[in-house]
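Chemist:
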Amino acid sequence: MQQSNVDPVEVGKFEKLATTWWDPQGHSKPLHQLNPLRAGYIERHADGLYGKQVLDVGCGGGLLTEAMAKAGAQATGLDMGEEPVEVARLHALESELDINYQLCTAEAHAEHKAGHYEVVTCMEMLEHVPDPESVIRACAAMVKPGGHLYLSTINKTPLAYLTTIVGAEHIVKVLPKGTHDYKKFLRPSQLIRWCEQAGLRVAHADGVLYNPLTETFKLSNRMDINYMIHAVKPDENQGSESPTL
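Under my numbering, think of the first position of the sequence shown as 99, with each following residue one higher.
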């Protein structure tokens, strides 16, 4: 099992949250609020998920993985936290969903799953690994020609620092202190460059904004806090689509 791109401190943060992962009022409340938006974003740009092989990298307790499975995908989830993976497996059993959860890195999984998945997701995870570019390369390798990769993370801006660290962790306290490290935040230009270097074409890049009054997330043209990127692997047998950036 390849573990070179794993930060034990980061994994430990989410191990501590594992038992409350499925509590919509617990520390994972922001993920519960965000999940419908990101699941809909993925399904819409992939032209549906029914019957497709889907991989969720950094799946944690399985919120997004289950949403994609419920949409009809044949879902696999990867994570390096033993407790979150166990929680994900138990919840899938309770939900009567057939999901393949594995304790594994993207890099190790890519060694025997190249070109295997129509859809690969890596959401809210890249800011927690030592080498996010390595994860993107591995994810890109596992996408079939014509398939899709979805990424989401936090922009490296002063506003993102104020919102996600000062606000969410220290003032509102919806996240435990130390959940995020500003030095690990990533600019959209970095992700776009890494996707292109991995042979992908970026089709969409969208900001995500949170409304504290309605406790909901929505898509936005502003990418200075949270954002999502949708990239596709070119298929020479299909026509190209103009990117929406």
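Where is the CB? At the ideal position from N, CA and C, for every residue including glycine.
Since we're looking at a predicted model, the values are computed, not measured.
1) Report the start-end ranges of each beta strand (DSSP E) in the stretch 275-319 that is 3 residues or longer and not cut off at the edges.
2) Given a cut-off of 7 Å, decide if Val-185 and Met-166 are closer than it, judged by their beta-carbon atoms.
3) With a floor of 4 residues, list each alpha helix (DSSP H) that falls wholly inside the stretch 132-178, ordered by position along the chain.
4) Tell me, to the nearest whole angstrom, how far the beta carbon of Pro-128 is from that of Leu-317; I am working on the premise that it is less than 8 Å.
5) Here's the rule I'm using: 16 or more other beta-carbon atoms within 10 Å means buried, otherwise exposed. How should Pro-256 be labelled?
6) Given a cut-off of 7 Å on the beta-carbon distance, is the pair Leu-132 and Phe-315 in contact?
7) Can you give me the C-alpha to C-alpha distance between Asp-154 and His-189, rounded to a whole angstrom?
8) Report yes if the C-beta distance between Gly-159 and Pro-122 is below 7 Å; otherwise report no.
9) CB His-214 to CB Leu-176, shorter than 7 Å?
10) From Leu-162 to Ala-236, what distance separates their C-alpha atoms?
11) Taking the alpha carbon of Asn-309 as the reference point, which residue from Leu-298, Ile-323, Glu-216 has its own alpha carbon closest?
12) Run through DSSP, which three-state label would Ala-190 get?
13) Return the residue from the list Pro-134, Gly-244, Lys-281, Met-178 that minimises the CA-CA distance to Thr-262.
14) Exposed or buried, what is Asp-333 when buried is set at 16 or more other beta-carbons lying within 10 Å of its beta-carbon?
15) Shortest alpha-carbon distance to Val-109 belongs to which of Cys-157, Gly-138, Asp-145, Ser-193?
16) Can you check whether the CB of Glu-113 is closer than 7 Å to the CB of Gly-179?
17) I'd like to know whether the C-beta atoms of Tyr-325 and Asn-253 end up nearer to each other than 7 Å.
18) Please state whether DSSP places Cys-40 in a helix, a strand or coil.
19) Closest by CA to Ala-212, which one among Gly-245, Glu-222, Leu-224?
20) In three-state terms, what does DSSP make of Lys-111?
21) Closer than 7 Å by C-beta to Arg-299: which residues in its own chain qualify, once you throw out the five before and the five after it? Chain order, please.
22) When DSSP labels each residue in this structure, what does Lys-242 get in the three-state scheme?
23) What is the residue span of the alpha helix (DSSP H) that Glu-205 lies within?
Modeler: The short version:
1) Here the runs fully enclosed are 299-309, 314-318.
2) Counting from one through the sequence shown, the residue named residue 166 turns up at place 68. Counting from one through the sequence shown, the residue named residue 185 turns up at place 87. No. Outside cutoff.
3) Annotation note: the stretch 132-178 contains the following uninterrupted alpha helix (DSSP H) runs of length 4 or greater, listed N- to C-terminal: 161-168.
4) Residue 128 sits at position 30 when you count from the first residue of the sequence shown. Residue 317 sits at position 219 when you count from the first residue of the sequence shown. Contact doesn't hold; Cβ gap of about 16 Å is too wide.
5) Taking the first residue of the sequence shown as 1, we reach residue 256 at position 158. Flag for Pro-256 reads exposed.
6) By 1-based counting over the sequence shown, the position of residue 132 is 34. By 1-based counting over the sequence shown, the position of residue 315 is 217. In this structure, Phe-315 lies closer than 7 Å to Leu-132 by Cβ.
7) Counting from 1 along the sequence shown, the entry for residue 154 is found at position 56. Counting from 1 along the sequence shown, the entry for residue 189 is found at position 91. So the two alpha carbons sit approximately 16 Å from each other.
8) In the sequence shown, counting from the first residue as 1, residue 159 sits at position 61. In the sequence shown, counting from the first residue as 1, residue 122 sits at position 24. Their beta carbons are not under 7 Å apart, which means Gly-159 does not touch Pro-122 by this criterion.
9) In the sequence shown, counting from the first residue as 1, residue 214 sits at position 116. In the sequence shown, counting from the first residue as 1, residue 176 sits at position 78. At the C-beta level, His-214 and Leu-176 stay beyond 7 Å of one another.
10) Start at 1 with the first residue of the sequence shown, and residue 162 comes out as number 64. Start at 1 with the first residue of the sequence shown, and residue 236 comes out as number 138. Straight-line Cα distance between these residues: approximately 20 Å.
11) Walking along the sequence shown from the start, residue 309 turns up at place 211. Nearest C-alpha to Asn-309: Ile-323.
12) Here the question's residue 190 lines up with position 92 in the sequence shown. Residue state, collapsed to three classes: helix.
13) Position 164 of the sequence shown, counting from 1, holds the residue named residue 262. Considering only alpha carbons, the answer is Lys-281.
14) Taking the first residue of the sequence shown as position 1, residue 333 is located at position 235. Answer is exposed; the Cβ neighbour count stays below 16.
15) The residue labelled residue 109 in the question sits at position 11 within the sequence shown. Comparing Cα positions, the closest option is Cys-157.
16) The sequence position of residue 179 within the sequence shown is 81, counting from 1. The sequence position of residue 113 within the sequence shown is 15, counting from 1. It is a contact, given that the beta carbons lie within the stated cut-off.
17) Against the sequence shown, residue 325 aligns to sequence position 227. Against the sequence shown, residue 253 aligns to sequence position 155. Contact: yes.
18) As shown, the chain starts at 99 and ends at 343. That puts residue 40 outside it, with no answer to give.
19) To locate residue 212, count along the sequence shown from 1; it is residue 114. Among Gly-245, Glu-222, Leu-224, the Cα nearest to that of Ala-212 belongs to Gly-245.
20) Residue numbering aside, residue 111 sits at position 13 when the sequence shown is read from its first letter. Looking at Lys-111 - three-state DSSP - the assignment turns out to be helix.
21) As a position in the sequence shown, residue 299 is number 201, starting the count at 1. Result list for Arg-299: Ala-329, Val-330, Pro-332, Pro-341, in chain order.
22) Here the question's residue 242 lines up with position 144 in the sequence shown. Reduced to three states, the DSSP call for Lys-242 is strand.
23) For this step, residue 205 is matched to residue 107 along the sequence shown. Membership of Glu-205 in the alpha helix (DSSP H) is indicated by the continuous run 204-208.
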